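J.: Take this structure, written in structure tokens, and hold onto it; I'll ask about it next.
Protein chains: 4
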Amino acid sequence: MAGNTFGNIFKLTTFGESHGDAIGGIIDGCPPGVTLDMDAIQYELNRRKPGQSAIVTQRKENDNVQFLSGIFEGKTTGTPIGFIVPNTNQKSDDYSHIKDVYRPSHADYTYDKKYGIRDYRGGGRSSARETISRVVGGAIAKQLMPDIKINAFVSSVGDIFIDKPYQALDFSLIESNDVRCPDLDTAKKMEDYIKQIKKEGDTVGGTITCVLQNVPVGLGEPVFDKLHAELGKAMLSINAVKGFEYGSGFCGAKMKGSEHNDLFNPDGTTKSNLSGGIQGGISNGMDIYFRVAFKPVATIMQKQISIDNMGNEVEMQGRGRHDPCVLPRAVPIVEAMAALVLIDKML
Amino acid sequence: MAGNTFGNIFKLTTFGESHGDAIGGIIDGCPPGVTLDMDAIQYELNRRKPGQSAIVTQRKENDNVQFLSGIFEGKTTGTPIGFIVPNTNQKSDDYSHIKDVYRPSHADYTYDKKYGIRDYRGGGRSSARETISRVVGGAIAKQLMPDIKINAFVSSVGDIFIDKPYQALDFSLIESNDVRCPDLDTAKKMEDYIKQIKKEGDTVGGTITCVLQNVPVGLGEPVFDKLHAELGKAMLSINAVKGFEYGSGFCGAKMKGSEHNDLFNPDGTTKSNLSGGIQGGISNGMDIYFRVAFKPVATIMQKQISIDNMGNEVEMQGRGRHDPCVLPRAVPIVEAMAALVLIDKML
Amino acid sequence: MAGNTFGNIFKLTTFGESHGDAIGGIIDGCPPGVTLDMDAIQYELNRRKPGQSAIVTQRKENDNVQFLSGIFEGKTTGTPIGFIVPNTNQKSDDYSHIKDVYRPSHADYTYDKKYGIRDYRGGGRSSARETISRVVGGAIAKQLMPDIKINAFVSSVGDIFIDKPYQALDFSLIESNDVRCPDLDTAKKMEDYIKQIKKEGDTVGGTITCVLQNVPVGLGEPVFDKLHAELGKAMLSINAVKGFEYGSGFCGAKMKGSEHNDLFNPDGTTKSNLSGGIQGGISNGMDIYFRVAFKPVATIMQKQISIDNMGNEVEMQGRGRHDPCVLPRAVPIVEAMAALVLIDKML
Amino acid sequence: MAGNTFGNIFKLTTFGESHGDAIGGIIDGCPPGVTLDMDAIQYELNRRKPGQSAIVTQRKENDNVQFLSGIFEGKTTGTPIGFIVPNTNQKSDDYSHIKDVYRPSHADYTYDKKYGIRDYRGGGRSSARETISRVVGGAIAKQLMPDIKINAFVSSVGDIFIDKPYQALDFSLIESNDVRCPDLDTAKKMEDYIKQIKKEGDTVGGTITCVLQNVPVGLGEPVFDKLHAELGKAMLSINAVKGFEYGSGFCGAKMKGSEHNDLFNPDGTTKSNLSGGIQGGISNGMDIYFRVAFKPVATIMQKQISIDNMGNEVEMQGRGRHDPCVLPRAVPIVEAMAALVLIDKML
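Chains as they are written, first to last, in this note's numbering: chain H, 1 to 347; chain U, 348 to 694; chain D, 695 to 1041; chain E, 1042 to 1388.
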């Protein structure tokens, strides 16, 4: 149950550490005969890659994906798609100082206790670099469902948030700014705040909202594998995520039934959509929307007291190249995971 | 991928509809040689059963579990444990008026669209009566991990919430009141509010907080099957749940890294626990705590306009015996699902 | 990985011991809207049940199946189908003499070593009574694929075998005799031989041949889950099975490529069918045929020296009601498992 | 259910086509802290590789494995092990003549019908080159179970077979000859026969016997996942396999119970071992032995009439570099699959 596979029908299995030779994976279950748009896959990787703007980590990686199988003369063959993304800009020396140290709120301690061994270079497998493979898988999944629109965006950073329902936003503006926030005034505030936080050597959390549109009625299995339960697990599996809510979410818990019920139109659509597009675990054809909470990045450029693996106190300070706020780069990851959940139900 | 199985090692598969002959399930993977405390299992069922207090549905069911296999001379044998809980108090006539009607914010519409057929009696499989089997499975799981303490409680109903950290609460008071809220002043307010809501023919949502203590270090698989991702999926699979957060949750998304990081003590414990007992998807030995949001029950005793399966408008009003607030009865379900997640990692 | 579930899409999970209250199971993944022919299900159970003829065990069981869920107004609903078959004719006292004894070539020793506990009554879970649930699942699977013809028959008992290719047989004669052998002369010899063996207090093995006709092209996944690998596993999971071969089988291993290759007709069918209807793990539309070897029943009515769980030598002799030859009753089990393999690929 | 993953605990997922860039895979679930013997892994690959002797295909591949993750400073880390084996000696032009032709008894027809597309170069994914990844996985599995001895050998080629029980053989002689037959007289006859067959432009089948020694008592799950059912599926998943038997196998089907039962010694071992080391699906500590039937290679260097994908008759003749008999190279593959089955139960 080693947990490196996602999906049941369209199965993505991933491998790779932050400072190993390559990140990669295998997609098993991709339908045959699909002409893959390689540029679209690389585009998603570019949205995730480091060094893309002033407010993200400055590690320089091109993150070019190489496909090794499952594609013949440009088309998928129905056999497993193996792929790798070489790591080219590892600076493992940046990490020698933490070889025996457990960084606070990282996975260092738990990996060491669980496995008795730990690849300390850049967090090893616990690094968000692992999500490269998710983005590749999600980018292919998206191409298999061209009618479904998947749009994620940064809806809050620290205390700054978009004060509008998603329906009032123009998703085409998401990529217009470095934060990936479609509300441009808010985006500016977020960007300024992230820059300030970076100057402080600190980091900050936030939320991403994701909207899935044109999802057909009937996706999802009731009981244990409800569609929102699968989406929730997918999002909670992303590094740094602390919470997930869909539809009315935590606000819905304060409401009365008479306020919360979504009344039907004669065509089966609903007048309101506090259900968030899912009823009884099954999509009802309305927009599916959910919100994902990310904690602040644990690596800060300030002095912290920590311990080493002998229990000795150690003063440490982040080095290397880190994100002051992961939200902008997490947007394509949220979309990729949503795509992976949906494709598994669509096939 | 029909979604009626939970777990990989300790696997619970369930069956049964609200108004069928019986609810039941199979537990595959229970270790052999365990003397089961049958009273403890029935105790958990009693916490979940209808009719237990004035603030829950008055359907009368004893919910007595019968074990059909896997137990010999009082001990588990390592072979699958089959069990059934007969339905004895079905009043299917209560539902004949909704035979062709889609109740707002229920699963009627989505089931009908997905399956083309629907057992309309009491919601059929979409009824929370299905959770009986979860409680049986969870009660057995608890017995296999006697050292781990699992305590869930109602932390909010509508706008009423416990204004204290869980560390300030006495869990032994949870069962002292009908709401299952360990803060007695708050419990009283909640109870009064639920009674008032019931009088109005309305329903109300709320949140349940769950605390897992004495969990060993090292549970959970990193990447896709992070421990909190499994917990999140488990909770989101419970009827009416709209959100899940653990540790700092959505509040953590507003914080800075310098505030959020949990600094180590020399023994590997942490001074704070905003991580919520899980780092990198793996338990770190600190308390695991999380919060689950429940929407208000969809069935209200007020008139609503809905549609039938031909798209005709229909005026309807809830009949039968329903909960004004599911939270009190959901407490043992949350605990059961937490137990099922943990036992799968403990074995 | 407790091994009581079969299938990935149409999943059968079973429970039950020979002398427990009931045998049963859950089918998860049955499509909705299917009107089940209950008589056809019971017919298959009757083919498997004890006491049906002079050459099988005289245990008297009606083996009546009761469905508890997943069926509404005679039709499947797409939700899990729970079912039980009560055990009504247990004579557990027949087994008290072997409580601490390991019967030769039974599962007594291995269960005791694996689990540290053992339900000695009639072999407990290791009894072929467990196959009742398979027959229920298979009977439903058959109904979902009315075009596919599944015919198994006894092709050898001891040294007596049908000396004809299956194409020369009339499958409608299978049920015309107690042995379930469609070649009537051979059937008579087999029946006489089994009666003689029974008189000797001995048992005998044999083979069952199974032919699957009208199977569509394209079933099966290449690599690890080849169609014949799934069929082989399914057959080898039946009690007492020692071998499986399909198409040319072990004879094919003696042949040259120039003899063995199946040349094509212009329509894609093949002139010969040594491939056995499967090429590269995928069905090619030709008849699928395979042969399954059953060892003789281990319980004999002769004195044997064995040991108890302390390592003491014990003289023992079979009591109770046993089959001198399981082959006749195994025919519907082989068909059921074939049906379960196919339905999983057909859905 | 795309079928490219083997195992539940120690999971091997593979990718790669005969003439793609690389063959490879991911092992998920390998325990941490194991120092891998890379030479031992390469040794197994060398036993499988083409061009190793005069009686196998002359395709020249070094089949060097490169590990990309999951190993740090020579030790496994518990994270997934990604690996690739580049294809370096593809001569795809050898296959242009069969681009639209279905070769008899190959997977060309079924792949084309199933997927609607086919990588015709060397059989694409259906090529036994895929087994490279199995050998890598099996070689690692072997290292995790140093006490278990796994010995496979060629026991027959055409009509030539070893006329001795395996106990009379010296397994250390298996690698002493090109056939991998430990009985040297028989080996010589087999080798001569294969050379003659090759001269004829023909191919020939045979059987491999495999013996697993020092397997602990208690491996395997009863019911559907019996140990021999898992072994059977594993073997039947190897290219060209037509049959599997263990212990007494098909011979056992001719025997009486009084002949077939394995009587116990006081220590729980058995005087005979017709059970083949498995009772009730669970290992009993005795040697596990089984036999696997391979059909002759379908590609022959003789003219055959076949069809193209339009149904036109085509005269064709094998080109390229092919095995006259796959048995010698299949020995390490059988061992690898046995190792993969066992490690999944041992962990």
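We put the beta carbon where it would ideally sit given N, CA and C, even for glycine.
A quick note: this is a predicted structure, and the numbers were derived from the prediction, not measured.
1) Please work out which residues of its chain come closer than 7 Å, Cβ to Cβ, to Ala-642 of chain U, disregarding the five sequence neighbours upstream and downstream, and give them in chain order.
2) Residues in its own chain within less than 8 Å of Leu-1034 of chain D by CB, not counting five upstream and five downstream?
3) Inspect the beta-carbon positions of Leu-621 of chain U and Asp-634 of chain U and report whether they are closer than 7 Å.
4) Determine the contact status of Ile-888 of chain D and Cys-1019 of chain D, defining contact as a CB-CB distance below 7 Å.
5) Take every Cβ of the region 100–115 of chain H, pair it with every Cβ of the region 46–60 of chain H, and state whether three or more of those distances are shorter than 8 Å.
6) Taking the alpha carbon of Asn-151 of chain H as the reference point, which residue from H:Lys-99, H:Leu-212, H:Gly-277, H:Gly-201 has its own alpha carbon closest?
7) Here's the rule: buried if 16 or more other CB atoms are within 10 angstroms of the residue's CB, otherwise exposed. What is Ser-1197 of chain E?
8) Measuring alpha carbon to alpha carbon, tell me which of U:Gly-469, U:Phe-419, U:Asp-539, U:Arg-476 ends up nearest His-713 of chain D.
9) At 3 residues or longer, what runs of the beta strand (DSSP E) sit wholly inside the region 881–950 of chain D?
10) Leaving out five residues on either side along the sequence, give the residues of the same chain with a beta carbon under 7 Å from the beta carbon of Phe-591 of chain U.
11) Please identify the residue among H:Arg-319, H:Asp-21, H:Val-297 whose C-alpha is closest to the C-alpha of Ile-238 of chain H.
12) Determine the DSSP secondary structure at Val-292 of chain H, reduced to helix, strand or coil.
13) Residues in the same chain with beta-carbon distance under 8 Å from Thr-616 of chain U, minus the five sequence neighbours each way, listed in chain order, please.
14) Going by DSSP, name the residue or residues bridged to Ala-1063 of chain E.
15) Do three or more CB pairs link the region 327–335 of chain H to the region 176–184 of chain H at distances below 8 Å?
16) Kindly list, in the order they appear in chain H, the residues whose Cβ is closer than 9 Å to that of Met-602 of chain U.
17) What number of angstroms, rounded off, separates the C-alpha of Asp-1062 of chain E from the C-alpha of Gln-66 of chain H?
18) Find out if the Cβ-Cβ distance for the pair Glu-1356 of chain E, Ile-1346 of chain E is shorter than 7 Å.
19) How big is the Cα-Cα spacing for Ile-972 of chain D and Ile-1122 of chain E?
20) Rounding to the nearest angstrom, what Cα-Cα distance links Lys-271 of chain H and Tyr-456 of chain U in this structure?
21) Measuring straight from C-alpha to C-alpha, what distance separates Gly-1005 of chain D and Gln-861 of chain D?
22) Only counting the same chain, and skipping five residues up and downstream in sequence, which positions put a Cβ closer than 7 Å to that of Gly-1074 of chain E?
23) For Leu-383 of chain U, count neighbouring Cβ atoms within 10 angstroms of its own Cβ and tell me buried if that reaches 16, exposed if not.
24) Among residues of its own chain, excluding the 5 on either side of Lys-883 of chain D, which ones have a beta-carbon nearer than 7 Å to its beta-carbon?
25) Cβ of Lys-461 of chain U within 7 Å of Cβ of Asn-561 of chain U?
26) Identify which residue in D:Arg-815, D:Phe-944, D:Lys-1039 has its Cα closest to the Cα of Val-911 of chain D.
27) Grab the span of the beta strand (DSSP E) containing Ser-155 of chain H for me, first residue to last.
28) Quick one: does Pro-332 of chain H have its CB under 7 Å from some CB of chain U?
29) Using the Cα positions of Asn-434 of chain U and Ser-763 of chain D, report the straight-line distance between them to the nearest angstrom.
30) Going by other Cβ atoms of all chains shown within 10 Å of its Cβ, with 16 needed for buried, is Ser-172 of chain H buried or exposed?
31) Please check if any C-beta of chain H sits within less than 7 Å of the C-beta of Phe-1047 of chain E.
32) Please report the distance separating the alpha-carbon of Gly-1322 of chain E from that of Tyr-1152 of chain E.
33) Quick check on the DSSP output: the beta strand (DSSP E) that includes Ile-1001 of chain D runs from which residue to which?
34) Going by DSSP, what residue range makes up the alpha helix (DSSP H) through Met-839 of chain D?
35) For Thr-770 of chain D, which beta-bridge partners are listed by DSSP?
36) Check this for me: beta carbons of Gln-736 of chain D and Gly-895 of chain D, under 7 Å apart or not?
T.: Quick look at the numbers:
1) As a first step, residue 642 of chain U must be located in the second sequence, where it is residue number 295. Just to set this straight, residue 642 of chain U is Lys in the shown sequence, not Ala. Around Lys-642 of chain U: Gly-552, Ala-587, Lys-589.
2) Here the question's residue 1034 of chain D lines up with position 340 in the third sequence. Excluding positions up to five away in sequence, the list reads Phe-700, Gly-701, Phe-704, Leu-706, Arg-828, Gly-831, Gly-832, Ala-835, Ala-928.
3) Your numbering for residue 621 of chain U matches position 274 in the second sequence. Your numbering for residue 634 of chain U matches position 287 in the second sequence. The answer is no: Cβ separation not under 7 Å.
4) By one-based count along the third sequence, residue 888 of chain D stands at place 194. By one-based count along the third sequence, residue 1019 of chain D stands at place 325. Their beta carbons are under 7 Å apart, which means Ile-888 of chain D touches Cys-1019 of chain D by this criterion.
5) no
6) Here residue 151 of chain H is taken as the residue at index 151 of the first sequence, counted from 1. Out of H:Lys-99, H:Leu-212, H:Gly-277, H:Gly-201, H:Leu-212 has the C-alpha closest to the C-alpha of Asn-151 of chain H.
7) In the fourth sequence, the residue the question calls residue 1197 of chain E occupies position 156. Classification of Ser-1197 of chain E: buried, given that the 10 Å Cβ count is 16 or more.
8) Counting from 1 along the third sequence, the entry for residue 713 of chain D is found at position 19. Selected option, being the one with the closest Cα: U:Phe-419.
9) 900–907, 935–940
10) Walking along the second sequence from the start, residue 591 of chain U turns up at place 244. If we look at Phe-591 of chain U and ignore the five residues flanking it on each side, its Cβ neighbours are Gly-579, Met-582, Leu-583, Phe-637, Val-639.
11) Stepping through the first sequence from its first residue, residue 238 of chain H is reached at position 238. Out of H:Arg-319, H:Asp-21, H:Val-297, H:Val-297 has the C-alpha closest to the C-alpha of Ile-238 of chain H.
12) For the purposes of this step, residue 292 of chain H is taken as residue 292 along the first sequence, with counting starting at 1. Three-state DSSP puts Val-292 of chain H in a strand.
13) Along the second sequence, read from residue 1 onward, the residue named residue 616 of chain U stands at position 269. Within the same chain, Thr-616 of chain U has close Cβ partners Gly-632, Met-633.
14) For the purposes of this step, residue 1063 of chain E is identified with residue 22 of the fourth sequence, where counting begins at 1. E:Pro-1127, per the DSSP bridge assignment.
15) yes
16) Taking the second sequence and counting its residues from 1, one reaches residue 602 of chain U at position 255. Per Cβ cutoff of 9 Å: Gly-158, Val-204, Gly-205, Lys-295, Pro-296.
17) Counting from 1 along the fourth sequence, the entry for residue 1062 of chain E is found at position 21. Counting from 1 along the first sequence, the entry for residue 66 of chain H is found at position 66. Their backbone Cα atoms lie some 10 Å apart in a straight line.
18) As a working note, residue 1356 of chain E is residue 315 in the fourth sequence. As a working note, residue 1346 of chain E is residue 305 in the fourth sequence. For Glu-1356 of chain E and Ile-1346 of chain E, yes; Cβs fall inside 7 Å.
19) Against the third sequence, residue 972 of chain D aligns to sequence position 278. Against the fourth sequence, residue 1122 of chain E aligns to sequence position 81. Spanning the two alpha carbons is a distance of roughly 33 Å.
20) If you number the first sequence from 1, residue 271 of chain H lands on position 271. If you number the second sequence from 1, residue 456 of chain U lands on position 109. Cα to Cα, Lys-271 of chain H sits roughly 14 Å from Tyr-456 of chain U.
21) Stepping through the third sequence from its first residue, residue 1005 of chain D is reached at position 311. Stepping through the third sequence from its first residue, residue 861 of chain D is reached at position 167. If I take the Cα positions, the gap works out to 52 Å.
22) For the purposes of this step, residue 1074 of chain E is identified with residue 33 of the fourth sequence, where counting begins at 1. Taken in chain order, the residues that qualify are Lys-1116, Thr-1117.
23) If you number the second sequence from 1, residue 383 of chain U lands on position 36. Answer is buried; the Cβ neighbour count reaches 16.
24) As a working note, residue 883 of chain D is residue 189 in the third sequence. Excluding residues within five positions, the ones whose Cβ falls inside 7 Å are Ile-854.
25) If you number the second sequence from 1, residue 461 of chain U lands on position 114. If you number the second sequence from 1, residue 561 of chain U lands on position 214. It is not a contact, given that the beta carbons lie outside the stated cut-off.
26) Taking the first residue of the third sequence as 1, we reach residue 911 of chain D at position 217. The option with the nearest alpha carbon to Val-911 of chain D is D:Lys-1039.
27) Along the first sequence, one-based indexing puts residue 155 of chain H at 155. Note, Ser-155 of chain H: beta strand (DSSP E), 149–157.
28) The residue given as residue 332 of chain H occupies position 332 in the first sequence. With 7 Å as the cut-off, Pro-332 of chain H does not count as an interface residue toward chain U.
29) Within the second sequence, the letter at position 87 stands for residue 434 of chain U. Within the third sequence, the letter at position 69 stands for residue 763 of chain D. Near 11 Å, if we compare the C-alpha coordinates of Ser-763 of chain D and Asn-434 of chain U.
30) Position 172 of the first sequence, counted from the start, is the residue given in the question as residue 172 of chain H. By the neighbour-count rule (16 or more Cβ atoms within 10 Å), Ser-172 of chain H is not buried but exposed.
31) As a first step, residue 1047 of chain E is located in the fourth sequence; it is residue number 6 there, counting from the start. Chain H, which has no Cβ nearer than 7 Å to the Cβ of Phe-1047 of chain E, makes this no.
32) Counted from its first residue, the fourth sequence places residue 1322 of chain E at position 281. Counted from its first residue, the fourth sequence places residue 1152 of chain E at position 111. Their Cα atoms are separated by approximately 34 Å.
33) Position 307 of the third sequence, counting from 1, holds the residue named residue 1001 of chain D. Per DSSP, Ile-1001 of chain D belongs to the beta strand (DSSP E) from 997–1002.
34) Counted from its first residue, the third sequence places residue 839 of chain D at position 145. Premise fails: Met-839 of chain D is in no alpha helix (DSSP H) and is neither H nor E.
35) Your numbering for residue 770 of chain D matches position 76 in the third sequence. Answer by DSSP bridge pairing, in chain order: D:Ile-765.
36) For this step, residue 736 of chain D is matched to residue 42 along the third sequence. For this step, residue 895 of chain D is matched to residue 201 along the third sequence. No, Cβ-Cβ distance for Gln-736 of chain D and Gly-895 of chain D is not below 7 Å.
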